[in-house]
Amino acid sequence: MNQIKNVAAIAHALAKADVNQVNYEYLKLAAESNKKFLKEFGRERPADGMYV
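All the letters of the sequence shown, read from the start, carry residue numbers 1 to 52 under UniProt numbering.
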């Protein structure tokens, strides 16, 4: 659930920076960015870092 909120918040920020509405491209970019972030910090799956 938090993943969805994070992606939506990132997409909204990207769209706002471009003075645009959120669309599929922003959501796609946000999802890819979120996936890369998690991978670079050692958590490819969201549950990997829970309760640590």
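Beta carbons: idealized from backbone N, C-alpha and C, even for Gly.
Since the model is a prediction, treat every value here as computed from it, not as a measurement.
Excluding residues up to 5 positions away in sequence, V7 lie with their Cβ nearer than 6 Å to the Cβ of A31 in the same chain. Cβ contact annotation for L14 (same chain, cutoff 6 Å, sequence separation greater than five): Y26, in chain order. Under the three-state reduction of DSSP, N6 is assigned to helix. Boundaries of the alpha helix (DSSP H) around N34: 24-40.
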